[in-house]
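Let me begin by presenting the structure, written as C-alpha cells, before commenting on it.
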Amino acid sequence: MKVYITSAAPLAGEATKAMASPPSPPPHQHQQAATRRGCRSAVVTGLLAGVLLFRAALLTIEAGASLCPSTTGCLDWRAGLGDWLYGGSGDAMEEFMKEWRRGRREASLLDPVVVEAAPDSLDGLMAEMDTMLASYDRLDMEAVVLKIMAMLLKMDRKVKSSRIRALFNRHLASLGIPKSMHCLTLRLAEEFSVNSAARSPVPLPEHAPRLADASYLHVAIVTDNVLAAAVAVASAVRSSAEPARLVFHVVTDKKSYVPMHSWFALHPVSPAVVEVKGLHQFDWRDGGAIASVMRTIEEVQRSSMEYHQCDASVVREYRRLEASKPSTFSLLNYLKIHLPEFFPELGRVILLDDDVVVRKDLTGLWEQHLGENIIGAVGGHNPGEDGVVCIEKTLGDHLNFTDPEVSNVLESARCAWSWGVNVVNLDAWRRTNNRESGFRLWKMGSLPPALIAFDGRVQAVEPRWHLRGLGWHTPDGEQLQRSAVLHFSGPRKPWLEVAFPELRELWLGHLNRSDSFLQGCGVVE
Numbered sequence: 001m002k003v004y005i006t007s008a009a010p011l012a013g014e015a016t017k018a019m020a021s022p023p024s025p026p027p028h029q030h031q032q033a034a035t036r037r038g039c040r041s042a043v044v045t046g047l048l049a050g051v052l053l054f055r056a057a058l059l060t061i062e063a064g065a066s067l068c069p070s071t072t073g074c075l076d077w078r079a080g081l082g083d084w085l086y087g088g089s090g091d092a093m094e095e096f097m098k099e100w101r102r103g104r105r106e107a108s109l110l111d112p113v114v115v116e117a118a119p120d121s122l123d124g125l126m127a128e129m130d131t132m133l134a135s136y137d138r139l140d141m142e143a144v145v146l147k148i149m150a151m152l153l154k155m156d157r158k159v160k161s162s163r164i165r166a167l168f169n170r171h172l173a174s175l176g177i178p179k180s181m182h183c184l185t186l187r188l189a190e191e192f193s194v195n196s197a198a199r200s201p202v203p204l205p206e207h208a209p210r211l212a213d214a215s216y217l218h219v220a221i222v223t224d225n226v227l228a229a230a231v232a233v234a235s236a237v238r239s240s241a242e243p244a245r246l247v248f249h250v251v252t253d254k255k256s257y258v259p260m261h262s263w264f265a266l267h268p269v270s271p272a273v274v275e276v277k278g279l280h281q282f283d284w285r286d287g288g289a290i291a292s293v294m295r296t297i298e299e300v301q302r303s304s305m306e307y308h309q310c311d312a313s314v315v316r317e318y319r320r321l322e323a324s325k326p327s328t329f330s331l332l333n334y335l336k337i338h339l340p341e342f343f344p345e346l347g348r349v350i351l352l353d354d355d356v357v358v359r360k361d362l363t364g365l366w367e368q369h370l371g372e373n374i375i376g377a378v379g380g381h382n383p384g385e386d387g388v389v390c391i392e393k394t395l396g397d398h399l400n401f402t403d404p405e406v407s408n409v410l411e412s413a414r415c416a417w418s419w420g421v422n423v424v425n426l427d428a429w430r431r432t433n434n435r436e437s438g439f440r441l442w443k444m445g446s447l448p449p450a451l452i453a454f455d456g457r458v459q460a461v462e463p464r465w466h467l468r469g470l471g472w473h474t475p476d477g478e479q480l481q482r483s484a485v486l487h488f489s490g491p492r493k494p495w496l497e498v499a500f501p502e503l504r505e506l507w508l509g510h511l512n513r514s515d516s517f518l519q520g521c522g523v524v525e
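Oh and the sequence shown: position 408 is 408 in UniProt numbering, straight run, nothing missing.
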C-alpha cells in the first residue's frame, strides 16, 4: 500500500486563469496570504506536537511514568481549528482523531517501503508539512494521518531495536570478568609462589579439629570467585554475635585453589576459621561417591554440547545466550548436590552462594528445626499446606512437565524454593541417597535436580533470611534493613560495572579499602 498526499484538482476555468499571467495582487493581499499560511503552519505544528505528546504519554506509561495528567490531556486542542486549517468551519480535532483511529488500524498494513521513507524526526515531518501547505490549499487528512503513522511506526521499530541491543549488551557485560579481578587472581597466585606466608596452612593446624566439630556453626561456600568469597566470609564474621563459633568451608576448583588459598592465608578472619579445599584434594572414601560425582560431571559436559543442537533459530539463539552465562555449565554450581560426599563428618551445614552479603547473625538460621526434612529454604512449604502463596517460582517454571516421569509424581503449581541461603540436614540427605535424575527432565541449572531430589523434604524458613534478586532490582530501604542475607542473584553482580551503584557500595563496604592487593588491582579506590 502506497500513501500519497493529494488535493482537489483545480477547475478548468481556474486552470486557464492560472496559465494566463494575471496582474500582481496588491501588497496587502500578499501580506494576508503569508499571514494565513503562517497561521496554518503554526496550527499544524501544534497539532503534530499534540499527537507526538500523545504517543510519548503512551510510551512513558508503559515504562511506569506519565508526562500528562491523562492520556487525553496532552491532546486538549479546542474546536475552531477548521477555520484556519480548512478555510471554513468545523471541528478539526474531531476529524483528525477519527482519521487517527482509522489510521492506527491501517498502520500495520503500510508498505515497508513507505515506513522506511517516512521522516526520521519532527523537523523532517514539519518540513514536509510546510511543503504541502505551500502547494495545496487544503490537506488530505487521511494522507496526513498515515504519514504520521508511518513515522511513528518507524520510530517504534528503532526504539525496539535499541532496547534489544541494550539488553544484549547488558547481558554480555554481565558475563565478563573485570580486569581488576583478573589482576587480583594473578597477584595472589604470584604471592603464593614467592611468599611462604601465602602458603601457610588454611586453617592452621591448631584449628583443624574444629572442621568436624558439631558444636561449631559450619558454613559451606562452593565458588571459584576469590573476591566474592572474601566478601561473603567477611560479612558473616562481622555480623556474628559469636564469630569464634564460625567455621567456613570454601570449596573451589583446581585452577582457583592457589589464589583462594593465598587470599585466606594472608587475610585471616580470626577468631573464625576458614578451610580452603580444591576438588583435587578431596579424599573420597568409597567408590560409590566417586561414581556419583563423575556421573554428574559427565552429564554437565554432555549437556553443554547437546544444549546447542536445535534447528529453530530463535531457540538456538536463546540457548546460546543461556549457555554463555557462567552458572549454566559451571561444574562447581552442579556439585552442590554432592555436599554429603564433601563433608562426610558433618551432620548439618549452612550453604551460601558466593554472591551474598550477610547482615544478621546466622545462629537463628543454624538452629532452624528441620525434623526429617533435608533442606531449609525460603520459598518452600511443607506438604499438605493449604492456601500457600509462593514467594518464589513454581515447579512448573523449572521442570519439564511434558515428561511423564515428572508430571506423574510432581505438581507444577507447587512452590519452588531456591539456592542462595540454605540450612542442610546432611544426615537426612545421606539416608535418602537420592541425588540424581536425568538432565532431560529440567531446564539447565543446578536448582532443578535439587527440586526433584528433595521433593517433599523442604522446610520453609522465614523470608527475612534470604532477600534475593539484587542483581535484578534495588529493594526499598526497609526491606534491606529487615533482611538477614542479601543475595545478588541476577546479571548485575556487585563486582561488575553494571551493578546498581548503591548496592555495589554496600558490597564493597566489606572489603578493606587500604589492602595493597585490592588497591594495586583497582578493585577499590
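Glycine residues also receive a C-beta, built at the ideal position from the N, C-alpha and C atoms.
Residue i, buried or exposed, once every other Cβ within 10 Å from all chains shown has been counted against 16
i	result
residue 582	Since the displayed the chain opens at 1 and closes at 525, residue 582 lies outside it and no answer follows.
Ala230	buried
His369	exposed
Gly379	buried
Asn422	buried
Phe517	buried
Trp472	exposed
Ile350	buried
Asp224	buried
Ser121	exposed
Ser514	exposed
Thr131	exposed
Asn512	exposed
Leu194	Reading the sequence as shown, one finds Val at residue 194 and not Leu. Classification for Val194: exposed.
Ser446	buried
Ala416	buried
Thr60	With a pLDDT of only 49 at Thr60, under 50, the local geometry of the prediction cannot be trusted, and the value read off the model is given with reservation. Exposed, by the Cβ-count rule.
Ala127	exposed
Arg157	exposed
His182	exposed
Lys493	buried
Pro449	buried
Leu125	buried
Ser161	exposed
Leu204	exposed
Glu497	exposed
Boundaries (first-last residue) of the alpha helix (DSSP H) holding residue i
i	result
Ile337	Run containing Ile337: none; DSSP gives neither H nor E here.
Ala450	447-453
Leu480	477-482
Gln519	516-520
Val113	112-117
Gly364	363-366
Span of the beta strand (DSSP E) around residue i
i	result
Phe248	246-252
Val406	Counting along the chain, Val406 falls outside any beta strand (DSSP E), though it belongs to the alpha helix (DSSP H) covering 404-407.
Glu505	Looking at the DSSP string, Glu505 is not in any beta strand (DSSP E); the run it does join, the alpha helix (DSSP H), is 501-508.
Leu352	348-352
Ala377	375-377
Gly278	273-278
Leu486	485-487
Val461	Unbroken run through Val461: none, as it is neither H nor E.
Asn425	421-425
Val356	356-358
Own chain residues within Cβ distance below 8 Å of residue i, not counting five before or after
i	result
Val202	His261, Phe264, Ala265, Val274, Glu275, Val276
Ala214	Leu346, Gly347, Arg348
Ala197	Ala265, Leu266
Near the ligand ADP: residue i beta-carbon under 7 Å from a heavy atom
i	result
Val523	The ligand ADP is not among the ligands present in this structure, which contains no ligands whatsoever.
Residues near residue i in its chain [Cβ-Cβ closer than 7 Å; skip 5 each side]
i	result
residue 547	Residue 547 is absent from the structure shown; the chain starts at 1 and stops at 525.
Asp361	Ser239, Ser240, Ala241
Pro22	Below a pLDDT of 50, predicted positions are generally treated as unreliable, and Pro22, at 49, falls in that range; the measurement from the model is reported next regardless. Counting only Cβ-Cβ distances below 7 Å, and skipping sequence neighbours, we find nothing.
Arg468	Ser418, Gly420, His487, Ser489
Val524	Leu508, Leu511, Arg513, Leu518
Close beta carbons around residue i, own chain, < 6 Å, minus the five adjacent residues each side
i	result
Lys254	Gly278, His280
Tyr216	Arg210, Arg245, Val247
Ala220	His249, Val349, Leu351
Using 8 Å as the cut-off, can you tell me whether the stretch 227-239 makes contact with the stretch 206-216, which would need three or more C-beta pairs spanning the two stretches below that distance? Because the criterion of three Cβ pairs below 8 Å is not met, the stretch 227-239 and the stretch 206-216 do not touch.
Three or more C-beta pairs closer than 8 Å, one from the stretch 461-476 and one from the stretch 403-410: is that the case here? In short, these stretches do not touch, since the Cβ pair count stays below three.
In chain order, which continuous runs of the beta strand (DSSP E) of length 3 or greater are located wholly inside the stretch 194-232? Every unbroken stretch of the beta strand (DSSP E) spanning 3 or more residues and falling wholly within the stretch 194-232 is given here in chain order: 217-222.
Segment contact flag, the stretch 354-371 with the stretch 475-487, C-beta cutoff 8 Å, min 3 pairs: yes
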